[in-house]
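Visitor: My questions will all concern the structure given below.
In mature numbering (1 follows the signal peptide of the UniProt record, and there is no 0), the protein residues as written are -27 to -1, 1 to 621.
Here's what the structure looks like:
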């Protein structure tokens, strides 16, 4: 039995009287200061934007000012000079209507390039490097700044829309191919291709109310402001089609809640009227009959796909949120997750975690044409590139940034934690690496104030007047800028520590995690062409690795939330790290050579060591030790379980 069943049970005859009984069933209890205070979760998954594309210039996030970024990741190889991120200035070009870039399995793995992340332009075109600023998407930026923005949220698969949405609703793409998968490309919309169990079905079995809200008209033309753009993946499952044509009203209810129809309605011509497009969601909010879990699916024109305008998506989102905010008793108990299914072809600089080779359910043959057999060496399914996630609720209010690693299955994990209904399709590796989004909330704090946001309707009207008159965007001058300042940061469950010691012909990597959740550390060997290895380090665990070298070495070890260790030089001088529970770090430099070494104002005699305490501000540290031909850098954040500020 799910933990919220007592408030949202819908069994037997109760289903027939939902409108009259649900308000009483959901009567607000006294707040406990826990996740049990949540009574409604609303999920809006939009389309095809990367994190850097939308938020790379935003203050306080892991954006274009990232001091722990992968070496040269912002200078992507082009046909001539490197291509840097550049602004798509919507005041001078029609950046509201960009058109899509390649975003299939093959091109995304090509951009990933084994973790080198250096082939974005080659795989996606130079337009991959285009980004927006606060002036271009003011509503989305203001909303994120008023609530909580996740800057380590990744899409689930290095691939397109449909498989990412399958992860979001079901936790899997059926990698073993037993129920219609594996799904790495988009299958025909509205056809029953798959046979595995979805999370909405699990909620149904547990008696927990849920619904898909989507306009049920045929796709309008030319802007497609009605319909669901095929973005409701429950259409793709045999069980829902069987329910749609069942004579059993209990079975048919499954299809009704999934918003399946035997025939779509004709285009009403009312697609520009958001009260019409969102009519059922607005009505249920006003009547107090919103289910426990709501998935909202936007028509194409509102989904923020690159050929659809962000400003229209802002208006859609504004109207959806207003329906919640207009009902105080609803808003005070509701969580809204706003994410994006994949990055389209837009660049992001943070390399996603990927599973160790051979991880069950996480690898497929690398060459996967849409038609024909798969072939080639196994490639990781995910994680895919970073995408935005904004968490809107009274418990996430206040301009927070959360840097825990998440993916689309994290939304299911949150629902698991809240409802008690488990999704067994999620792989063990994803459960270890990705969080459940509960760290985005402080359930002891409850702020129901409504932020003052830009008027999205006015922005939309202005775009209607101006954008179509402007030229289409092209490659612009590189501008690697980020707004100054920091943001409030949620505490994280990680505490990585790493260092390298130089032995004969090989570096030994010492990797530790003093936190409570598994993290991934990635080691790059620049002396060997940038080849990389990945290490999953469990809670309170240590492990070692090895990187061969000849005479000299040059490596970097990267982890979440700006963690980086850089090491270059030759054998004879080493630095190790000690973590104490304060929390604090101490670096011990050992000179095993025949001559004294001057280092950071200290002379270290041969065959001796010296301890250097590591200073930190707001938990952030970034120290470098240099001697001729030798260098170490240690940067990251010391977690003490309390909120802090984001780092430089």
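Cβ atoms here follow ideal geometry from the backbone N, Cα and C, with glycine treated the same way.
(1) Can the beta-carbon of residue 96 be found closer than 7 Å to that of residue 114?
(2) Taking Cβ to Cβ, would you say residue 505 is nearer than 7 Å to residue 527?
(3) Do you know whose CA, among 8, 109, 55, 120, lies nearest residue 626's CA?
(4) Just the C-alpha distance for residue 641 and residue 581, rounded to the nearest angstrom, thanks.
(5) My guess is that residue 432 and residue 112 are in contact by the Cβ rule of under 8 Å, so how many angstroms apart are they, rounded?
(6) Does DSSP put residue 248 in a helix, in a strand, or in coil?
(7) Does residue 434 come out as helix, strand or coil in the three-state DSSP assignment?
(8) With DSSP as the reference, label residue 277 as helix, strand or coil.
(9) Rounded to the nearest angstrom, how far is the Cβ of residue 510 from that of residue 548, given a contact under 8 Å?
(10) Three or more beta-carbon pairs under 8 Å between the segment 376 to 385 and the segment 124 to 131, yes or no?
(11) Measure the C-alpha to C-alpha separation of residue 78 and residue 372 and round it to an integer number of angstroms.
(12) Anyone know if the C-beta pair for residue 181 and residue 205 falls short of 7 Å?
(13) Taking only three categories from DSSP, how would you classify residue 349?
(14) Roughly how many whole angstroms lie between the Cα atoms of residue 610 and residue 43?
(15) Taking contact to mean at least 3 C-beta pairs separated by less than 8 Å, is the segment 413 to 426 in contact with the segment 357 to 375?
(16) Look at the alpha carbon of residue 280 and the alpha carbon of residue 62, and state the distance between them as a whole number of angstroms.
(17) Can you give me the Cβ contacts of residue 530 inside the same chain, cut-off strictly under 6 Å, excluding the 5 residues immediately before and after it?
(18) Here's the rule: buried if 16 or more other CB atoms are within 10 angstroms of the residue's CB, otherwise exposed. What is residue 287?
(19) Which of the three DSSP states is assigned to residue 594 in this structure?
(20) For residue 124, count neighbouring C-beta atoms within 10 Å of its own C-beta (all shown protein chains included) and say buried if the count is 16 or more, exposed if not.
(21) Contact defined as beta carbons within less than 8 Å: I believe residue 270 pairs with residue 241. What is the distance between those atoms, to the nearest angstrom?
(22) Excluding the 5 residues flanking residue 73 on each side, which residues of the same chain have their C-beta closer than 8 Å to its C-beta?
(23) Using CA atoms only, rank isn't needed, just tell me which of 605, 176, 236, 46 is closest to residue 550.
(24) Tell me the DSSP bridge mates of residue 267?
(25) Can you tell me where the alpha helix (DSSP H) with residue 118 in it begins and where it stops?
(26) Give every residue of the same chain whose Cβ lies closer than 6 Å to the Cβ of residue 144, excluding the five residues on either side of it in the sequence, and list them in chain order.
(27) Report buried or exposed for residue 202, applying the criterion of at least 16 other Cβ atoms within 10 angstroms of its Cβ.
(28) Leaving out five residues on either side along the sequence, give the residues of the same chain with a beta carbon under 8 Å from the beta carbon of residue 452.
(29) If you follow the alpha helix (DSSP H) that residue 293 is part of, which residue opens it and which one closes it?
(30) Residue 430 and residue 23: beta carbons closer than 7 Å?
(31) Going by C-alpha distance, which of 362, 105, 275, 561 is nearest residue 377?
(32) May I have the straight-line CA-CA distance separating residue 238 from residue 140, to the nearest angstrom?
(33) Just curious, the beta strand (DSSP E) that residue 484 is in, first and last residue?
(34) Decide if residue 299 is buried, meaning its Cβ has at least 16 other Cβ atoms within 10 Å, or exposed.
(35) Here's the rule I'm using: 16 or more other beta-carbon atoms within 10 Å means buried, otherwise exposed. How should residue 463 be labelled?
(36) Per the contact definition of three or more C-beta pairs closer than 8 Å, is the segment 254 to 274 in contact with the segment 87 to 94?
Guide: To lay it out plainly:
(1) no
(2) No.
(3) In the structure as shown, the chain begins at -27 and stops at 621. Residue 626 is therefore absent and cannot be evaluated.
(4) In the structure as shown, the chain begins at -27 and stops at 621. Residue 641 is therefore absent and cannot be evaluated.
(5) 6 Å
(6) Helix.
(7) helix
(8) coil
(9) Incorrect: roughly 19 Å between the Cβ atoms, too far for contact.
(10) Yes, since at least three Cβ pairs between the segment 376 to 385 and the segment 124 to 131 fall closer than 8 Å, the two stretches touch.
(11) 34 Å
(12) Contact flag unset, no.
(13) strand
(14) 17 Å
(15) yes
(16) 16 Å
(17) 471, 494, 496, 538
(18) Of the residues assessed, residue 287 falls on the buried side of the cut-off, its CB having 16 or more other CB atoms within 10 angstroms.
(19) strand
(20) buried
(21) Contact doesn't hold; Cβ gap of about 17 Å is too wide.
(22) Excluding sequence neighbours, residue 73 sits near 21, 278, 279, 280, 317, 318.
(23) 605
(24) According to the DSSP secondary-structure assignment, residue 267 is paired through a beta bridge with 15, 184.
(25) 111 to 119
(26) 382, 385, 396, 398, 399
(27) buried
(28) Closer than 8 Å at Cβ, skipping near neighbours: 57, 58, 59, 60.
(29) 283 to 298
(30) no
(31) 362
(32) Counting only the Cα atoms, residue 140 lies some 29 Å from residue 238.
(33) Looking at the DSSP string, the run of the beta strand (DSSP E) that includes residue 484 is 479 to 486.
(34) exposed
(35) buried
(36) no
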